[in-house]
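Trainee:
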């Protein structure tokens, strides 16, 4: 007996919930060969705005969590990714048209990268911070602090899962909250990552995933006064010069687009890019 | 105006109540009258409110609505931790809601506890309305707000103090306990007494807003009865809630109160104001109320003397929306004050 397949209509991931797009729009996700796979929500600028509100309200809790705790929570995501390996591999094979071996390698690398970044959570401050030399009876200390809400245009080419993880994980390490616009044509990995995050220990709103057109949403995120930093890593095909200009209007930190397979390669610099250094002095004890 | 309406318009509040009730405002007469009012179709009311809330208000209409909302706000601080400094900064915000935009309208009033009225009056200085049509009013909550559990003498002293200190408007709470146990006469007499306590030395009256605390009245029918009762007793405004308990103002409750106000206008030709308070935090919500007012009692009600929002955090959201309309990009909490 033949069976009618049940194609999914995926939703967005905002504030720990899975809402439909406010606009009600969806678009088709097609396999590498052009077959219909599923529908994804086509987020509008208002969804982006809602996501920023969710990210802002989640910031206090996430930035305020201890570095050790953040590391544990991030590591737990890697554990859950491992548990869903088969699903991710399957989706990557379908959307990217690569071999199972290549897809498997990509998922492994994404998980490893997540673990690598998770480890930095309680270590990057020691490297990026400093006890400054002073000629007086006090300490002078520089510590990096999370910058706030980070908007990310995920890489639009290359591995769909690896690109997303490479962009999102470093922003989370320091305690920022994230609004990420997923790979437009291959959003399945992002949608599944949303499902992973929803069942992990990450508080709702810390990561918000929008599927749809980066060209449509990026200008609104770049000019949004409540976005503290924007990572344009996947905005290479957009009018990113204007995005930078818009971002500058509201004093938003900008990371430039990167292309090629090494886009958003793992580095401490990506963590530190989303921090602000606070320098304080403190009296020495009166011994 | 119909002949019965013009006859009603000739009477003062007390005589009007007598004529409508067909006798003194006793428990029995009030009960007969208030229970004679047709009941509310709760499903229909909620559906109507939801329908009015689904209107799309965009671009120039939205801009108009946002400015209108600001001019209708009673900017409120009613915390136990209020200080003179907090009230002064509240007044500063009332005078200049958006320092970056001189075209931004001012709010209608500041609403504070009675003991802080002198501070608010002093901080307002020449911008204090004090009975004139321009400027900002000072509203004071009184009568043992928010519970209303005090003797009548204490409540009246509370009101008298605030009026003497320069309050232009008094927000009183009704005795919900008495209302719910059917002692309508007591509630009526209290409102009448408080109204009298609003009398200033020069013979004029401070505006009286009667808080029904609809969250404690349980049914829409009770809300409608309490609205009639408050209007019969001479309240200038009927206000939904203290903001101290949930649920506070909801759209259906406000709609039902607006319907009473509309009916009162038809009956007597007199206009009574409505003030939803508590729980209105976003421009989106506030615009729903604006639509409801315009559709129920007419646009003429969208004036500070007939409609107010009791709110504190609403103003910031409206300002951010306003900034969005002016600058073309989304604004953030960094661009408005922390209250």
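Residue numbers (my numbering), protein chains in the order written: chain A, 226 to 512; chain B, 3 to 341.
Even for Gly, the Cβ is constructed at its ideal location relative to N, Cα and C.
Given a limit of 9 Å on CB to CB distance, which residues of the stretch 385–414 of chain A reach chain B?
Mentor: Flagged: no residues at all.
Trainee: Can you tell me which of the three DSSP states residue 311(B) falls into?
Mentor: Working through the second chain from its first residue, we reach residue 311(B) at position 309. In this structure, residue 311(B) counts as strand in the three-state DSSP scheme.
Trainee: Under a CB-based cut-off of 7 Å, is residue 323(B) close to chain A?
Mentor: Start at 1 with the first residue of the second chain, and residue 323(B) comes out as number 321. With 7 Å as the cut-off, residue 323(B) does not count as an interface residue toward chain A.
Trainee: Relative to the C-alpha of residue 337(B), which residue among 31(B), 54(B), 212(B), 101(B) is closest?
Mentor: Within the second chain, residue 337(B) is the residue found at index 335, counting from 1. Among 31(B), 54(B), 212(B), 101(B), the Cα nearest to that of residue 337(B) is on 101(B).
Trainee: Which residues in chain A sit within 8 Å of residue 102(B), going by Cβ to Cβ distance?
Mentor: Stepping through the second chain from its first residue, residue 102(B) is reached at position 100. Result: empty, since nearest Cβ-Cβ is about 12 Å, beyond 8 Å.
Trainee: Residue 478(A) touches chain B at which residues, Cβ-Cβ below 9 Å?
Mentor: Along the first chain, one-based indexing puts residue 478(A) at 253. Correct list: empty, because the minimum Cβ distance to chain B is about 14 Å.
Trainee: Residue 343(A) and residue 286(A): beta carbons closer than 7 Å?
Mentor: On the first chain, position 118 is the one that residue 343(A) refers to. On the first chain, position 61 is the one that residue 286(A) refers to. The answer is no: Cβ separation not under 7 Å.
Trainee: List the residues of chain B whose Cβ lies closer than 8 Å to the Cβ of residue 443(A), in chain order.
Mentor: The sequence position of residue 443(A) within the first chain is 218, counting from 1. Those within 8 Å of residue 443(A) in chain B number zero; the least Cβ separation is about 12 Å.
Trainee: List, in chain order, every chain B residue whose beta-carbon is nearer than 8 Å to that of residue 449(A).
Mentor: In the first chain, the residue the question calls residue 449(A) occupies position 224. What residue 449(A) touches in chain B: 331, 332, 334.
Trainee: Could you tell me whether the Cβ of residue 274(A) comes closer than 7 Å to any Cβ of chain B?
Mentor: In the first chain, counting from the first residue as 1, residue 274(A) sits at position 49. Closer than 7 Å: yes.
Trainee: In terms of residues, what are the limits of the alpha helix (DSSP H) holding residue 327(B)?
Mentor: Counted from its first residue, the second chain places residue 327(B) at position 325. Residue 327(B) -> alpha helix (DSSP H) spans 316–329.
Trainee: Looking at chain A, is there any beta carbon in it that lies within less than 7 Å of the beta carbon of residue 190(B)?
Mentor: Counting from 1 along the second chain, the entry for residue 190(B) is found at position 188. For residue 190(B), the answer is no, since every Cβ of chain A falls outside 7 Å of its Cβ.
Trainee: According to DSSP, which residues form a beta bridge with residue 378(A)?
Mentor: Position 153 of the first chain, counted from the start, is the residue given in the question as residue 378(A). Looking at the DSSP assignment, residue 378(A) forms a beta bridge with 406(A).
Trainee: Do residue 417(A) and residue 319(A) have their C-beta atoms closer together than 7 Å?
Mentor: The residue you call residue 417(A) lines up with position 192 of the first chain. The residue you call residue 319(A) lines up with position 94 of the first chain. No, they are not a contact pair.
Trainee: If I measure Cβ to Cβ from residue 239(B) and keep anything under 6 Å in the same chain, skipping five residues before and after, which residues do I get?
Mentor: Counting from 1 along the second chain, the entry for residue 239(B) is found at position 237. Answer for residue 239(B): 211, 275, 277, listed in chain order.
Trainee: How about residue 186(B) and residue 29(B): do their beta carbons lie closer than 7 Å?
Mentor: Mapped onto the second chain, residue 186(B) falls at position 184. Mapped onto the second chain, residue 29(B) falls at position 27. For residue 186(B) and residue 29(B), yes; Cβs fall inside 7 Å.
Trainee: Using the beta-carbon count (16 or more within 10 Å), is residue 249(B) buried or exposed?
Mentor: For the purposes of this step, residue 249(B) is taken as the residue at position 247 of the second chain. The residue in question, residue 249(B), is exposed, as its Cβ has fewer than 16 Cβ neighbours within 10 Å.
Trainee: Tell me the start and end of each unbroken beta strand (DSSP E) in the stretch 119–176 of chain B that is at least 3 residues and wholly inside, in chain order.
Mentor: The qualifying runs are 139–143, 171–175.
Trainee: Which of the three DSSP states, helix, strand or coil, is assigned to residue 476(A)?
Mentor: For this step, residue 476(A) is matched to residue 251 along the first chain. Coil.
Trainee: Check the C-beta distance from residue 235(B) over to residue 193(B) and give it rounded, since I have them as a contact under 8 Å.
Mentor: Here residue 235(B) corresponds to residue number 233 of the second chain, with the count starting at 1. Here residue 193(B) corresponds to residue number 191 of the second chain, with the count starting at 1. 4 Å between Cβ atoms; contact.
Trainee: Name, in chain order, the residues that DSSP records as bridge partners for residue 255(A).
Mentor: Reading the first chain from its first residue, position 30 is the one you call residue 255(A). 261(A), per the DSSP bridge assignment.
Trainee: Is residue 337(B) close to chain A? Criterion is C-beta to C-beta, closer than 7 Å.
Mentor: As a working mapping, residue 337(B) is identified with position 335 in the second chain. Yes, residue 337(B) counts as interfacial toward chain A.
Trainee: Are the Cβ atoms of residue 142(B) and residue 119(B) separated by less than 7 Å?
Mentor: As a working note, residue 142(B) is residue 140 in the second chain. As a working note, residue 119(B) is residue 117 in the second chain. Cβ distance < 7 Å, so residue 142(B) and residue 119(B) count as in contact.
Trainee: Check whether the Cβ atoms of residue 325(B) and residue 285(B) sit closer than 7 Å, and answer yes or no.
Mentor: Counting from 1 along the second chain, the entry for residue 325(B) is found at position 323. Counting from 1 along the second chain, the entry for residue 285(B) is found at position 283. For residue 325(B) and residue 285(B), no; Cβs fall outside 7 Å.
Trainee: Since residue 173(B) and residue 113(B) are thought to touch, with beta carbons under 8 Å apart, how far apart are those beta carbons, to the nearest angstrom?
Mentor: Numbered from its first residue, the second chain carries residue 173(B) at position 171. Numbered from its first residue, the second chain carries residue 113(B) at position 111. About 7 Å; that satisfies the 8 Å criterion.
Trainee: For residue 143(B) and chain D, any beta-carbon pair shorter than 7 Å?
Mentor: In the structure shown, chain D does not exist; the protein chains are A and B.
Trainee: What residue range is occupied by the uninterrupted alpha helix (DSSP H) comprising residue 317(A)?
Mentor: By one-based count along the first chain, residue 317(A) stands at place 92. That run of the alpha helix (DSSP H) goes 310–321.
Trainee: Can you name, in chain order, every residue of its own chain whose Cβ lies under 8 Å from the Cβ of residue 154(B), other than the five neighbours on each side?
Mentor: As a working mapping, residue 154(B) is identified with position 152 in the second chain. Result list for residue 154(B): 192, 195, in chain order.
Trainee: So the candidates are 326(A), 390(A), 368(A); which of them puts its Cα closest to the Cα of residue 340(A)?
Mentor: For the purposes of this step, residue 340(A) is taken as residue 115 along the first chain, with counting starting at 1. Of 326(A), 390(A), 368(A), the residue nearest in Cα terms is 390(A).
Trainee: Based on Cα-Cα distance, which residue from 86(B), 64(B), 241(B) lies nearest to residue 126(B)?
Mentor: Position 124 of the second chain, counting from 1, holds the residue named residue 126(B). Cα-wise, what sits closest to residue 126(B) is 86(B).
Trainee: Roughly how many angstroms lie between the CA atoms of residue 345(B) and residue 281(B), to the nearest whole one?
Mentor: Residue 345(B) lies beyond the range of chain B shown here (3 to 341); nothing can be said about it.
Trainee: Report, in whole angstroms, the separation of the C-beta atoms of residue 398(B) and residue 109(B), which I expect to be a contact under 8 Å.
Mentor: Since the displayed chain B opens at 3 and closes at 341, residue 398(B) lies outside it and no answer follows.
Trainee: On the three-pair Cβ rule with 8 Å, is the stretch 291–308 of chain B touching the stretch 48–56 of chain B?
Mentor: Counting Cβ pairs under 8 Å, three or more are found: they touch.
Trainee: According to DSSP, is residue 430(A) part of a helix, a strand, or is it coil?
Mentor: Taking the first residue of the first chain as 1, we reach residue 430(A) at position 205. Reduced to three states, the DSSP call for residue 430(A) is coil.
Trainee: Consult DSSP for residue 276(B) and reduce its assignment to one of helix, strand or coil.
Mentor: Residue 276(B) sits at position 274 when you count from the first residue of the second chain. Reduced to three states, the DSSP call for residue 276(B) is strand.
Trainee: Can you list, in chain order, the residues of its chain whose CB lies under 7 Å from that of residue 129(B), leaving out five sequence neighbours each side?
Mentor: Reading the second chain from its first residue, position 127 is the one you call residue 129(B). So the qualifying residues of the chain are 97, 137, 138.
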